[in-house]
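Participant: Residue numbers (the numbering used here): 8 to 479. Sharing a structure below in structure tokens format, with a few things to ask.
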Ligand code: ARG
């Protein structure tokens with residue numbers, strides 16, 4: 008889809024009577040945006056058809072003129088789709104390219120821009136584009152959630168150490184760890200939905216800055232383009248100056264995209280650690296790894312590394328947009344043309360990362376042996392040992408101190424915590440009884456975790472079932 012259009016050398020620009028000459032060649036090359044905004048062509052045509060429909064309803068176009076404009080635009084759309092349309096940088100952008108070709112083919116095309124400016128047109132096109140983009144993006148995020156849940160479901164029994172400070176902390180089900188990312192992505196979807204809500208407002212009718220003296224029907228255009236609320240009522244911008252210069256919805260999208268990229272980057276980091284020989288918790292299929300040009304033994308998690316790396320440019324895109332808007336006087340300024348490449352790059356980059364991460368997870372398997380060996384570390388249950396003492400009536404702070412002493416003792420004896428005898432326990436503190444050995448039964452330890460949101464056996468199964476059902 009994202010193929011680069013064929014762009015011939017700049018031709019003399021067609022400009023109004025105000026100018027004696029066209030722009031200098033280097034000015035034309037500097038200011039064109041067709042090389043990247045051509046991808047708004049569908050939205051531009053759709054918006055123009057709605058605008059023309061409204062102009063006819065307002066008596067500005069005859070039915071015949073509307074019909075000619077509509078079929079002219081549809082034919083241009085078919086040409087673009089088929090790769091037959093020649094984009095001209097001399098016509099600056101997608102809006103001028105389509106309108107000027109329409110007018111060349113259809114005389115009534117000269118009436119299309121009535122009551123409209125490129126300023127409200129570009130605001131409209133990007134809103135239409137982003138609305139569709141968010142919908143497609145959201146369904147891919149759902150697929151990534153599914154991939155996470157599926158991987159967890161394939162390995163429900165697997166327990167790994169959970170880490171804080173990248174030091175072994177407490178045991179968790181592998182799927183509990185994955186479900187943490189499912190939760191993050193769910194919040195991401197909420198943010199995208201929120202952004203979509205503010206994107207879904209029609210700016211057309213704002214004109215260049217101050218609306219129009221013509222009897223335009225803004226609500227009709229909004230309805231034709233699906234800018235409606237849940238009850239079908241049209242949603243239009245309420246201030247013409249804000250309508251042409253508002254780019255908040257793009258910034259919101261880039262912010263939501265940056266956070267998604269950060270979530271994916273963290274997941275990538277976990278996968279990179281897990282696939283290393285030091286952890287050895289997972290294997291990634293050959294098709295989703297790469298080799299080294301020199302070291303024959305290498306199998307590298309490049310998909311995860313690139314996903315981690317690409318978050319940098321996505322964060323940069325957000326910073327670029329914020330900086331672009333800061334200090335910009337009202338209303339439209341050509342600076343705003345710089346918004347689209349950043350927006351497109353965030354959408355394209357994050358979507359690819361989401362898609363590739365899901366595919367990689369579908370081709371990832373767990374190595375149960377290494378996970379079990381790591382999860383068998385009895386130190387992971389030191390907190391359970393303190394809880395055991397609390398159950399016997401000891402204050403937690405005292406229990407913390409006592410267990411600390413037990414750990415130090417085990418370390419000095421070079422004995423695993425679960426190999427300390429009942430007598431040794433009792434010698435450290437009399438509160439310990441013979442049932443202390445049961446604390447180190449990992450399976451039982453996981454059964455003991457019954458709080459909502461905890462990594463306990465029943466709770467994790469419940470969460471997996473909840474997500475499986477929700478994701479269909
Ligand atoms: N290509 C322009 C953009 O991307 C469209 C709006 C141009 N408006 C203008 N008054 N020059 O922002």
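The C-beta atom is built at its ideal place from N, Cα and C for all residues, glycine as well.
1. Can the beta-carbon of residue 427 be found less than 8 Å from the beta-carbon of residue 413?
2. Please classify residue 459: does DSSP put it in a helix, a strand, or coil?
3. Just verifying my parser: in three-state terms, what is the DSSP assignment at residue 464?
4. Terminal residues of the continuous alpha helix (DSSP H) containing residue 36?
5. Just verifying my parser: in three-state terms, what is the DSSP assignment at residue 1?
6. Please report how far the alpha carbon of residue 417 lies from the alpha carbon of residue 445, in whole angstroms.
7. Which of the three DSSP states, helix, strand or coil, is assigned to residue 169?
8. For residue 371, list the residues DSSP reports as bridge partners.
9. So the alpha helix (DSSP H) residue 402 belongs to, where does it begin and stop?
10. If we count the other Cβ atoms within 10 Å of its Cβ and call it buried at 16 or more, is residue 179 buried or exposed?
11. Using the Cα positions of residue 448 and residue 463, report the straight-line distance between them to the nearest angstrom.
12. Answer yes or no: the CB of residue 106 versus the heavy atoms of the ligand ARG, is any distance below 7 Å?
13. Can you tell me the Cα-Cα spacing of residue 158 and residue 291, whole angstroms?
14. Within 10 angstroms of the Cβ of residue 126, are there 16 or more other Cβ atoms? Answer buried if so, exposed if not.
15. Verify the contact flag: residue 344, CB atom, against every heavy atom of the ligand ARG, threshold strictly below 7 Å.
16. Less than 8 Å separating the beta-carbons of residue 364 and residue 177?
17. According to the neighbour-count rule (16 or more other Cβ atoms, all chains shown, within 10 Å of its Cβ), is residue 128 buried or exposed?
18. Whole angstroms is fine: what's the gap from residue 224's alpha carbon to residue 311's?
19. So what's residue 339 in DSSP terms, helix, strand or just coil?
20. Would you say the beta carbon of residue 466 is closer than 7 Å to some non-hydrogen atom of the ligand ARG?
21. Which of the three DSSP states is assigned to residue 307 in this structure?
22. Can you give me the C-alpha to C-alpha distance between residue 188 and residue 388, rounded to a whole angstrom?
23. Just the C-alpha distance for residue 273 and residue 355, rounded to the nearest angstrom, thanks.
24. In whole angstroms, give me the CA-to-CA distance for residue 70 and residue 144.
25. Residues in its own chain within less than 7 Å of residue 192 by CB, not counting five upstream and five downstream?
26. To the nearest angstrom, report how far apart residue 468 and residue 186 are at their CA atoms.
27. Which residues bound the alpha helix (DSSP H) around residue 265?
28. Within 10 angstroms of the Cβ of residue 139, are there 16 or more other Cβ atoms? Answer buried if so, exposed if not.
29. Just the Cα atoms here: how many angstroms apart are residue 306 and residue 37?
30. Quick one: does the C-beta of residue 40 sit closer than 7 Å to a heavy atom of the ligand ARG?
31. Can you tell me the Cα-Cα spacing of residue 493 and residue 121, whole angstroms?
32. Pick from 249, 200, 209 and 62: whose alpha carbon is nearest that of residue 217?
33. On the criterion of 16 or more Cβ atoms from any shown chain inside 10 Å, does residue 172 qualify as buried, or is it exposed?
34. So residue 47 packs on residue 132, CB below 8 Å; how close in whole Å?
35. If we call anything under 8 Å between Cβ atoms a contact, is residue 115 one with residue 62?
36. Which partner residues does residue 443 have in the DSSP bridge list?
Facilitator: Based on what the coordinates show:
1. yes
2. coil
3. Three-state DSSP puts residue 464 in a helix.
4. Residue range 32 to 38 is occupied by the alpha helix (DSSP H) that includes residue 36.
5. Nothing can be reported for residue 1, as the shown portion of the chain is limited to 8 through 479.
6. 17 Å
7. strand
8. 291
9. Neither: residue 402 is in no alpha helix (DSSP H) and is coded neither H nor E.
10. buried
11. 14 Å
12. no
13. 12 Å
14. buried
15. yes
16. For residue 364 and residue 177, no; Cβs fall outside 8 Å.
17. buried
18. One C-alpha to the other measures close to 50 Å.
19. Of the three classes helix, strand and coil, the one that applies to residue 339 here is coil, per DSSP.
20. no
21. strand
22. 25 Å
23. 19 Å
24. 38 Å
25. 148, 151, 152 and 270
26. 11 Å
27. 255 to 282
28. exposed
29. When rounded, the separation of the alpha-carbon atoms in residue 306 and residue 37 is 44 Å.
30. yes
31. The question about residue 493 has no answer, for the chain in this structure spans 8 to 479.
32. 249
33. exposed
34. 4 Å
35. In this structure, residue 115 sits away from residue 62, with a CB-CB distance that is not shorter than 8 Å.
36. Note: residue 443 sits in no beta bridge, so no partner.
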